[in-house]
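Chains as they are written, first to last, in our numbering: chain A, 1 to 312; chain B, 313 to 624. Just so you know, even glycine gets a beta-carbon here, dropped at the ideal spot from N, CA and C. Below is one structure, written out as structure tokens; the observations come after it.
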DNA sequence: TATAGCTGTTGCCGAAACGGCAGCAACATG
DNA sequence: CATGTTGCTGCCGTTTCGGCAACAGCTATA
């Protein structure tokens, strides 16, 4: 099913790899063929699409415009293929997800497992990265669905859902604060804390609040792994700060206690956004999973708010 | 700028004309070339795209899926072209509008004239038709922007705005009812009325209300032209029913009086929707006009509601 | 019922486009 | 300075595209 000019596929490959020869390798054609298609494209558009450097090619402004169009075409072609396939009963395809680390403990594995048990021929590709990288991966067409801390998102992305979860402190069961129902930032800073590095979005959520306080946190540990921070907190090394998306797991082996964070009397929220490329219609099977994801996150949001309502 | 396979353009032409030879004529190529491209497409998709009749070709289910994809591609190509052109300062293109008749008296001509005076190189194509035809023209890609009575719209269209205007009776200045501020349907039916034929959406707005009444309207005139109905009302032939979108014109040569309609004590609304193909990003100059259109209709909605607030 | 006009399809053939190979110059890295 | 990388370009065989003419099937008209 290759009814599109090879030029646009070659262009797409060159944009992704940043090199004509590398693109040619992934396409299994000679580099000269790729080079000529790019030159032909530039001639027809009437303007260079790439800037040539000794290392390879980078997009020009017009090139980025074409990249946007080409991505629209190729993604819509995927959707068309899926539509035709599902017409003959074959509900299969790949859902590619880019998300931040907080989802990996329970939300995503639970959902994927459940979905796979129903639709066995839908495969998944998941990649964990920082919030801004999630948005970038979506823009570049390297993921279908993105889950990230809700920052200001570029206009070519669409926020299909926004769920808010309480930010909280993770402390070991033996920790002096463990008996409390909620904690404030000030109370926490009296103890050793595990700070998130700037590459984690928790850093950007807490930094402005810490800056407002007079005291500076006692230096303990800085880390860039949610998982590592959790394990450190469990060993009593310090207090970690996270959004609480793993209630089930926590209650199972109750080594850790989650304490919702209060600031100036009100909860500290962490907004989780689900994103999709705006100029795109998702294949049916992807859309189906997306709806389940939204529903599940909404469910967890509701459950958490219920659990901590008396602490608000 | 023809970097897409000729196959999809040929397919698009065949779908529009419903015939290979006709498509070939509009494309200035031999019909055999078109025929072969269609056959090649069908081979690559693995399923027939058209049903062959003696009169020509009609789309199969798979064909309609491909038509959707091809339309997405071609419309996005148009947008890309416009984007590139506007990069070099050339802000030009064509805006194609499909709308119902109520807009032709003042809204559309005013807006187009104003827009043309600012952006002289943006041309317009306007076509007047019934509400359901407006939606169909959008779906078929024959118009960029559609304005119609807000019915249930198909999922492949997006309602970008919804404005409500009061439905009212148009009577000549000398008409016995002309002095009233509002009228009810019952009051009107005591006089000769000009009924809209089912092809006009006013028919579908009024019919359920008339059906609720015990008395049947006095037969007078049935018509399918908003303009004709207005002129007949001005000559005292009967009462016409319309949405009031021409305040300015009416106050200028006050031959006619517009009486907001009341039914069971509450106003009768006529919802006007602005539609766009859902799977599409509009070119910048089209989007610009669309925003002006929404603003203008919102403005008129506001003004009318103000003018008749005391009658509500 | 015969005819004229329409439909899509197919063989044939020249022209255009595509792609592979090998070699070029320019630049980066060691 | 040597080596490896980059993109680009003649040369040439293969594939694809498109035009012409002819064919079979259907419809409407005389």
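Proximal residues of chain B, C-beta to C-beta of residue 39 of chain A below 9 Å
Neighbours of residue 39 of chain A in chain B, taken as residues at a C-beta separation under 9 Å, are lacking, since the least C-beta distance is about 12 Å.
Short-range partners of chain A found in the region 313 to 324 of chain B, where Cβ spacing is below 8 Å
If the cut-off is 8 Å between Cβ atoms, the region 313 to 324 of chain B has 313, 314, 315, 316, 317, 319, 320 near chain A.
Can you tell me the Cα-Cα spacing of residue 623 of chain B and residue 578 of chain B, whole angstroms?
With a pLDDT of only 49 at residue 623 of chain B, under the threshold of 50, the placement of this residue in the model should not be trusted, and no figure is reported.
Just checking, does the region 587 to 607 of chain B make contact with the region 479 to 487 of chain B on the three C-beta pairs under 8 Å criterion?
Inter-segment contact for the region 587 to 607 of chain B and the region 479 to 487 of chain B is absent: fewer than three beta-carbon pairs are separated by less than 8 Å.
Have a look at residue 220 of chain A and residue 229 of chain A and give me their C-alpha separation to the nearest angstrom.
12 Å
Hey, would you say residue 63 of chain A sits closer than 9 Å to residue 18 of chain A, going by beta carbons?
no
In angstroms, rounded to a whole number, what distance separates the CA positions of residue 449 of chain B and residue 5 of chain A?
29 Å
With a Cβ-Cβ cutoff of 9 Å, do residue 225 of chain A and residue 101 of chain A count as a contact?
yes
In chain order, which continuous runs of the alpha helix (DSSP H) of length 4 or greater are located wholly inside the region 536 to 621 of chain B?
538 to 546, 559 to 564, 596 to 619, all fully within the region 536 to 621 of chain B.
Distance cutoff 9 Å, beta carbons only. Does residue 441 of chain B sit that close to anything in chain A?
Output row for residue 441 of chain B: interface = no.
Using the Cα positions of residue 575 of chain B and residue 463 of chain B, report the straight-line distance between them to the nearest angstrom.
20 Å
Are the region 118 to 138 of chain A and the region 149 to 166 of chain A touching, with three or more C-beta to C-beta distances below 8 Å?
yes
Can residue 223 of chain A and residue 169 of chain A be called in contact, C-beta distance under 9 Å?
no
Taking Cβ positions, are residue 254 of chain A and residue 82 of chain A nearer each other than 9 Å?
It is not a contact, given that the beta carbons lie outside the stated cut-off.
Contact residues within the region 277 to 288 of chain A, judged by C-beta distance below 7 Å to chain B
279, 281
Where residue 388 of chain B meets chain A, residues with beta-carbon distance less than 9 Å:
68, 69, 72, 73, 76, 279
How is residue 455 of chain B classed by DSSP in three states: helix, strand or coil?
coil
Close-in-space but distant-in-sequence residues of the same chain around residue 196 of chain A (CB under 6 Å, 5 per side omitted)
202, 203
Under 9 Å from the C-beta of residue 373 of chain B: neighbouring residues of chain A
87
Quick one: Cα of residue 139 of chain A to Cα of residue 366 of chain B, how far?
47 Å
On the three-pair Cβ rule with 8 Å, is the region 64 to 82 of chain A touching the region 381 to 394 of chain B?
A contact between stretches requires three or more CB pairs, one per stretch, nearer than 8 Å, and the region 64 to 82 of chain A meets this requirement with the region 381 to 394 of chain B.
Report, in whole angstroms, the separation of the C-beta atoms of residue 497 of chain B and residue 525 of chain B, which I expect to be a contact under 8 Å.
So it is a contact: roughly 7 Å between Cβ atoms.
Rounded to the nearest angstrom, what separates residue 299 of chain A and residue 23 of chain A at their Cα positions?
44 Å
Could you tell me which of A:87, A:99, A:49 sits nearest to residue 396 of chain B, measuring between CA atoms?
A:49
Note down the Cα distance separating residue 209 of chain A from residue 116 of chain A, rounded to an integer number of angstroms.
41 Å
What do you get for residue 523 of chain B, buried or exposed, if any count of 16 or more other CB atoms within 10 angstroms of its CB means buried?
That one is exposed.
Please confirm if residue 79 of chain A has its CB atom under 9 Å from at least one CB of chain B.
Residue contact with chain B for residue 79 of chain A: present (Cβ-Cβ distance below 9 Å to some residue of chain B).
Is there a Cβ from chain A that is less than 9 Å from the Cβ of residue 623 of chain B?
In this predicted model, residue 623 of chain B has a pLDDT of only 49, less than 50, meaning its place in the structure is not dependable enough to derive any value.
Please decide whether residue 541 of chain B counts as near chain A, where near means a Cβ-Cβ distance under 9 Å.
no
At 7 Å on the CB atoms, spell out the chain A contacts of residue 395 of chain B, in chain order.
In chain order: 65.
Which of the three DSSP states, helix, strand or coil, is assigned to residue 323 of chain B?
Three-state DSSP puts residue 323 of chain B in a helix.
So residue 573 of chain B packs on residue 472 of chain B, CB below 8 Å; how close in whole Å?
Residue 472 of chain B and residue 573 of chain B do not touch by the CB rule: their CB atoms are close to 27 Å apart, not below 8 Å.
7 Å Cβ cut-off: residues of chain A touching residue 354 of chain B
Result: empty, since nearest Cβ-Cβ is about 10 Å, beyond 7 Å.
Could you tell me if residue 30 of chain A is buried or exposed, where buried requires 16 or more neighbouring beta carbons within 10 angstroms of its beta carbon?
Exposed, by the Cβ-count rule.
Less than 9 Å separating the beta-carbons of residue 550 of chain B and residue 601 of chain B?
no
Determine, using beta carbons only, whether residue 352 of chain B and residue 124 of chain A come nearer to each other than 9 Å.
no
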